[in-house]
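Below you'll find the structure, written out as C-alpha cells, and then a few comments.
4 protein chains.
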Amino acid sequence: MNFGSDNWAGATPEVMASLARHNAGFAPGYGGDPLTASVGRRFAEVFDHEVGVYFTATGTGSNALSMAACARPGGLIFCSAQAHLRTDELGASEFFTQGMKLIPVPCRQGKIDAAGLAETLAAYPEGNRTGRPTVLSLTNATESGTLYSAEEIAGLARLAHDHGLFVHLDGARFGNAVAALGVSPAALSWRAGVDIMSFGGTKNGCWAAEAILVFNPEGLGDLNVLKSRAGHTFSKARFVAAQFEAYLADGNWLKTADHANGRARRLAEGIAAKARLAWPAEANEVFPILPKAAIARLKAAGAMFYSWPAENLEVSPDEEVLRLVTSWATTDAAVDEFLALL
Amino acid sequence: MNFGSDNWAGATPEVMASLARHNAGFAPGYGGDPLTASVGRRFAEVFDHEVGVYFTATGTGSNALSMAACARPGGLIFCSAQAHLRTDELGASEFFTQGMKLIPVPCRQGKIDAAGLAETLAAYPEGNRTGRPTVLSLTNATESGTLYSAEEIAGLARLAHDHGLFVHLDGARFGNAVAALGVSPAALSWRAGVDIMSFGGTKNGCWAAEAILVFNPEGLGDLNVLKSRAGHTFSKARFVAAQFEAYLADGNWLKTADHANGRARRLAEGIAAKARLAWPAEANEVFPILPKAAIARLKAAGAMFYSWPAENLEVSPDEEVLRLVTSWATTDAAVDEFLALL
Amino acid sequence: MNFGSDNWAGATPEVMASLARHNAGFAPGYGGDPLTASVGRRFAEVFDHEVGVYFTATGTGSNALSMAACARPGGLIFCSAQAHLRTDELGASEFFTQGMKLIPVPCRQGKIDAAGLAETLAAYPEGNRTGRPTVLSLTNATESGTLYSAEEIAGLARLAHDHGLFVHLDGARFGNAVAALGVSPAALSWRAGVDIMSFGGTKNGCWAAEAILVFNPEGLGDLNVLKSRAGHTFSKARFVAAQFEAYLADGNWLKTADHANGRARRLAEGIAAKARLAWPAEANEVFPILPKAAIARLKAAGAMFYSWPAENLEVSPDEEVLRLVTSWATTDAAVDEFLALL
Amino acid sequence: MNFGSDNWAGATPEVMASLARHNAGFAPGYGGDPLTASVGRRFAEVFDHEVGVYFTATGTGSNALSMAACARPGGLIFCSAQAHLRTDELGASEFFTQGMKLIPVPCRQGKIDAAGLAETLAAYPEGNRTGRPTVLSLTNATESGTLYSAEEIAGLARLAHDHGLFVHLDGARFGNAVAALGVSPAALSWRAGVDIMSFGGTKNGCWAAEAILVFNPEGLGDLNVLKSRAGHTFSKARFVAAQFEAYLADGNWLKTADHANGRARRLAEGIAAKARLAWPAEANEVFPILPKAAIARLKAAGAMFYSWPAENLEVSPDEEVLRLVTSWATTDAAVDEFLALL
C-alpha cells in the first residue's frame, strides 16, 4: 500500500529491457550517439512538431535550466504559489538565473486562472522596479493532481505572450495529463502556446529520464552550454536515450500513466463513498480529508503516504488532509486493501 | 578498435544485474532508501574512514559542487593547466562558486610538483587583490594518464594545508590510479591529505554513478543543499546506489580498472616497439606520437581516437600526438588489431 | 513645492563645507585614510557600541551586500511585502546572494507584527524544501512613513533570533526614525537585536553617503571582500567619510531629520483639516487621499509628488492616494503653498 | 612627495565649484535630472559619436558591469595578465558574469600584441570546452604606464571582431592616454573598434566620477538594469554629473592629464640621469629600478610609493622596481625634491 510518491517505484520492464538492449558496444559520449539522435526524432513525432531535446538529470534540473534559458537580469517568473519550482527546489531557479524572482499568482486547487494572472501581470508592468516580467511557468498535471485543459493553457499562454513572457510548462506528470485528458501531446503544449517544457519520464516508469523540450527557440539561451556548465550533460547519454526509447515506444508512457490515473480514480471513488475528498482526483493524485483515527489505523497497517497542508479547506481538528499518489506500479490489490482498512 | 574515451563503453554485467535486482518494489525517494544508506557504509569500508557520500549526475557536477562546498567570495582555485575542471567543463566551477578564479599551476605531463605549487602560492598571498587562496584541486589519474604517488599527493596537500587551502581530488579515474599504484584507496585520498573528492564510477563500468566523498567536512558548505539547488539530487537515487553496490562489490571496480590499465600497457608496449610515446602510459591512457600516414591508415581501418595538443613535445610536421583510452570493455583483440595496422 | 522624494534635494551646507575642508592634500586610497578611520570611531560613539563600518555607493548596495554577508545557499529572507529591497531594487538581493528567495510577511501600513511573522516563520521550518530561513529584514522608518518603536523591533528580532535568523535593518531613513521617536540610535538598533544595518545619509542631506553597520559580526561574510568584488569600494573613500563627518557632527543628522519630520507633520495637519490621510504621518512622508480635481490643481500649480497604490484603502473612483515626502530642504513656504492650493 | 597613486589626490577646484553650483534646488533622482542629460550630450560631443553613458560608483564597477553587458554563459574574457580587472578586483568580473573565465594573453610592459592575441584566440576556438570566446579587454594607458597607439588598438580590435568578440577598453587613465598621444578621444576608442569602455574621471581630478560608455550597443545587455541590480545607480546622480561637467569643460580633463604626464616625464628624465628605468614612462607612471639604499633614503625623507614585481627584468638583489604615479596635484617641487634625494 505505497502511496508516498510516484518516484518510489522502480523502472518498468520495458525500460529495463531497453537499457540491456543498448548496453552493448561503444557509442560516442555526451549525446553524440545515434540512439540519442533517434530519440530526438521520436520526440518530434510524438509532439508532431520540430523540437529541441535536452536531457537533464532531474526535474529540478529541467525546470531551473529552462528558467536559465529564458533568463534576463532582474527578471520575474510568474507561477502558482504551489509550483514545484517555487516550493520544492531550494531556490534552484533563482540560483540558475542570477536571482530572478518568483511571483506567486493566486491559485485554486493548484491552478491559476486568467483573471488572477491578468491582475498579477498588471501589478508588475514593464519598467517597474521589482523586476522585469519574463516567464510564466505552469504545471500540468498540477501539484494538486488537477488538470489544465488545452483551452485553459492556451488562454493563460495568450495572456503571457501578450505581455512578452515566455511560457514554460513543468511536465513532471505530463503523461498523466495527456492520458487523463485524452488529447494529443501537441494540444497540451506548443499548440496551446508552450514555448519550452520540462518533460518528465522518471515518475512514470523510468529510472532517470528527464528532458527539456524546446518548441520555440526564439530568444532562448543555448541549452547545450547551460546544461554542460551545470553538470547536466551525461557522458553516457545513451542510458537516458534508452529509457526514453522504451518510454515513448508503442504509447508505453500513456499506458503507464493511464494505469496510474486509473488506480487514483479507483482510490478516489472508494474513498468518496466513505469520506470527503478535498477536490476531485483528475490525474494520479488523491487528496482525501480523513479522520485522524482512520489515518493512524492505515499507518499501523503499513500504508505509506504524506500529509498535505489544509490551507483554505474546512478541516476539523480531528481530521487531516492526505496526499495519495499512484504510479505505474500501483496494484488494484493495494488500492483495495487501503479502502478496506478505511 | 575504439579508443575514443572510456565513456564510450556501456555498463558492466554486474552493474546491469544490480539494477535489475534492486528494481523491484517501492523505495523512498531522494536518497532516503536503505540501499543508498548501505552504499554509504560500503564507501566507508572501502576507504577505511568515515565519509560523507553525495551522489551527483556527472563528474562535472561532482567537481563544481565540490568547489561550491569549499567556496568563499573572491576565492582562488589552484589546479594544473590541464585540469578537467578548467579545460573541459565550460566554466562550471566558476558558475557554481559565484565566480571563483582558477589559477593554473605549471605542470609536466599533467602533474604539478611541489616547487611549482609553492611558487604559485607565493604569488597569491592572503590579502592580494586578485583573489583569496581557497582550494587546491588535483586529478589522479591525471588528464595525461600519468599518476601521482601517495607521497606526491601528500607533499602537495601539506603545502596547500599550510596555506589554509582545502584539498580536492578529481577522481574521475581514481580506480585506474588505485589499481595501477597497488595502494589502498585511503592512501591516495584522506591519508594523503585529501579533504573532498569527486569519485567517478561512470568511466570505469557504470552508466552514471558519480559521488562526492567528504573525508573532512570542517568548513565545507552543506552538500545536500548545494546538490538539490543544482538539480543533482536524483529522486530515484537507488538507481545510482545499485550501480555503486555492484561497482564496489568484490573489488569489481579495481578489476575493471586493472583490465583497462592492462590493455593500455599492452597498447603502449606495442606502439613503443614501432614509434614514440609522448610519455609513459601509467594508467589507461596512451599518448603516442605517430606519423600522419599511419594515423590515416588507422582511421581508414575504423580505429577511433582523438588528437592531443603537441605543446612542448618535439613533433615533426608529419606527425601528430594521439590520445588512446582503454576501458573495462577494451579487448586484447582490438589492441592487437590496432598494433597490426600500425 | 517639491514632495517627489527626499533624494531630490542636494547636500547640506555642512556637508559641502566638509568636502571642501578635506579636499586638500593626499590621502591613502580605498578607505585607508585617517578620516575614514575617524568616522568609524564616530559611528561607535553615536551608536554607543563597537561597530564595523563599510561604506557603499547606494542604499541598494547596502541592502544587497548586507544580504550577501548573511547568505547561505538556498536561503530565505523574510521582509514586508513593501520592503524596498523587494519592490524597488530589481532583484539586487537575489543577485548578490546567488538567488536567495524573499518571503513577504503580511504587513499593515508598512509594518509587520509579531503574529504575522510567527505565522510566516512557522510555514517555513528548517528543513523545508522551499528554502532555509536566514534573515529578517525590517525597514525603519518604513516605506509607508510609519515607525517601529524600539520595543516592536525588539519583539520581532527576538522571534527571528529564536529561529536562527540574522536581523537586518534597512535604515535609509533611520535618522527620521530616531528623530521622531526621540530615542537613542542604540535603542533602535543593536539594543533591539539588530545585527547589521543599512545606514543611509543620502536622503537626509548628503550627496552619496551610505554605510553598512555591523553590530554583531558572528557568522557574517567578509564585507570588505564582498564590497570590493561588487565595485563598492571607493578609491577616494574620504569623500564619503567627509560627508559622514559633517552629517554626524553636532547632531546634524537629527536636526535635518527633525526638520523634515516637522514639515511632514505641518503638511499632514494641514491636509487633515481638509481631507483624509491614509494613515498617520509619523516620519517624513505623508499619504493623503485626495480628490482627483485637487490633485490636478496642485500639479498645474507646479507641485511635484507621486501616486501610491490604494490597496486596502477605501478610495472612491474620484480619489487617489498620494505620497508626499519632505526633506532637510523643504520649506514652510512650500508646505503652506501646497496647503493653500488644496 | 606623494607618488603612491593618482587616487591619493582630492578633487580639482573646478570639480568642487561645479558641485557647489549644482547643489541648489531639487532635481529628479536616479539620473532623471537635466544635468545628467546634458552631460550625456557632452560625452557625445567629446567623442564625436552617439554614446550611451552609464554612471557607476567605481572603475571596478565599470569594468565588471561592462563584462556583464557582454556576458554569455561559459564565456571567456581575453586580457593581459596584468589587466586591472584580473589582478586587482577580487573576481568582480567573474562574479557579475556568472563565472566567465579570464584568459591571460601574453603581454610585454603591460601591452599585448597582435601575434600573442592571435595565438591565444587560436587556442580557444568556438566550440572548445574551456569556454566561449566573448570579450577582449584592453587597458589604455596600461597598468604599466605604457600606451597603445590608435593603430595598435585598431589592429587588436579587428582581430577580436573577426573572432566575434566584443572589444572593451578599461580607460581608468584614458585622459592620460589621449593627452600623451595627442589624438582625439574618438581615435582611441570607437574609431579603433572599441564597443564599450570604462571611462574614469576619479584618478584625474574628480571625487567619484566613473562611467561606462557604449559606442556600439548591438548585442549588449541592458546596462540600466545591470547597474540598478548592482546598486550602482546613484539616487542623487547629479553629483556625478556635476563632476563630469567640470571635468569635460574647456578641455579640463586633458589639462589635468597633461599636467600629470608632464610631472611623470620630468621624474623619469631626472631618474634616468642617475639610474635605470624598467621601461619608458609614456603616461603618468614611472617604473625605476633603484638601489635599496636609495629607496630607504627616499622613504625616510617621507616619499610615498609602492614596489612593483620584477618579473622578467634584470634586477640585482640590491635593487627593487618601484611604481611612481603622478596626478593633477603633483607639483614640480615634489618631483625635484624626490630627484634631489636620489
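Protein chains in written order, with the numbering used here: chain R, 281 to 622; chain V, 281 to 622; chain A, 281 to 622; chain U, 281 to 622.
C-beta: ideal position from N, C-alpha, C; glycine also.
Same chain only: Cβ atoms within 8 Å of residue i, ignoring 5 sequence neighbours per side
i, result
"residue 528(A)", "319, 322, 323 and 326"
Residue burial classification, residue i (beta-carbon count within 10 angstroms, cutoff 16)
i, result
"residue 612(A)", "exposed"
"residue 266(A)", "Here chain A comprises residues numbered 281 to 622, so residue 266(A) is not present and cannot be evaluated."
"residue 405(V)", "exposed"
"residue 450(R)", "buried"
"residue 546(R)", "buried"
"residue 313(R)", "buried"
"residue 642(R)", "Residue coverage of chain R in this structure runs from 281 to 622, which leaves residue 642(R) outside it and unanswerable."
"residue 301(R)", "exposed"
"residue 592(A)", "exposed"
"residue 334(V)", "buried"
"residue 563(R)", "buried"
"residue 587(U)", "exposed"
"residue 352(U)", "buried"
"residue 525(U)", "buried"
"residue 297(U)", "exposed"
"residue 599(U)", "buried"
Whether residue i touches residue j by CB criterion (7 Å)
i, j, result
"residue 511(V)", "residue 291(R)", "no"
"residue 407(A)", "residue 452(A)", "no"
"residue 424(V)", "residue 390(V)", "yes"
"residue 370(R)", "residue 409(A)", "yes"
"residue 356(U)", "residue 414(U)", "yes"
"residue 554(A)", "residue 500(A)", "no"
"residue 417(U)", "residue 359(U)", "yes"
"residue 382(V)", "residue 443(V)", "no"
"residue 490(U)", "residue 336(U)", "yes"
"residue 514(R)", "residue 488(V)", "yes"
"residue 287(V)", "residue 516(R)", "yes"
"residue 492(R)", "residue 342(R)", "yes"
"residue 473(U)", "residue 437(U)", "yes"
Reference residue i, options the options, closest by Cα
i, options, result
"residue 471(R)", "439(R), 433(R) and 460(R)", "433(R)"
"residue 532(A)", "379(A), 458(A), 356(A) and 394(A)", "458(A)"
"residue 386(V)", "401(V), 402(V), 361(V) and 374(V)", "361(V)"
"residue 482(A)", "303(A), 436(A), 338(A) and 316(A)", "338(A)"
"residue 445(A)", "504(A), 426(A), 411(A) and 549(A)", "411(A)"
"residue 530(U)", "294(U), 580(U), 285(U) and 398(U)", "294(U)"
"residue 522(U)", "316(U), 283(U) and 309(U)", "316(U)"
"residue 368(U)", "284(A), 582(A) and 509(A)", "509(A)"
"residue 388(A)", "285(A), 560(A), 299(A) and 380(A)", "560(A)"
6 Å CB neighbourhood of residue i in its chain, flanking five on each side removed
i, result
"residue 610(R)", "543"
"residue 476(R)", "346, 448 and 494"
"residue 558(A)", "567, 569, 593 and 601"
"residue 344(A)", "372, 373 and 376"
Cβ-based neighbour list, residue i, same chain, cut-off 7 Å, excluding 5 preceding and 5 following
i, result
"residue 608(A)", "289, 292, 484, 485, 536, 539 and 540"
"residue 429(U)", "461"
"residue 329(U)", "466, 470 and 495"
Test: residue i CB closer than 7 Å to a CB of chain C
i, result
"residue 381(A)", "This model lacks chain C altogether, as its protein chains are R, V, A and U."
(request) May I have a chain-ordered list of the alpha helix (DSSP H) segments no shorter than 4 residues that lie completely inside the segment 285 to 350 of chain V? (result) Within the segment 285 to 350 of chain V, the complete alpha helix (DSSP H) runs of at least 4 residues are 293 to 301, 314 to 327 and 339 to 350.
(message) To test your reading of the DSSP string, which unbroken alpha helix (DSSP H) runs of 4 or more residues are found completely within the segment 444 to 484 of chain V?
(response) Within the segment 444 to 484 of chain V, the complete alpha helix (DSSP H) runs of at least 4 residues are 454 to 461.
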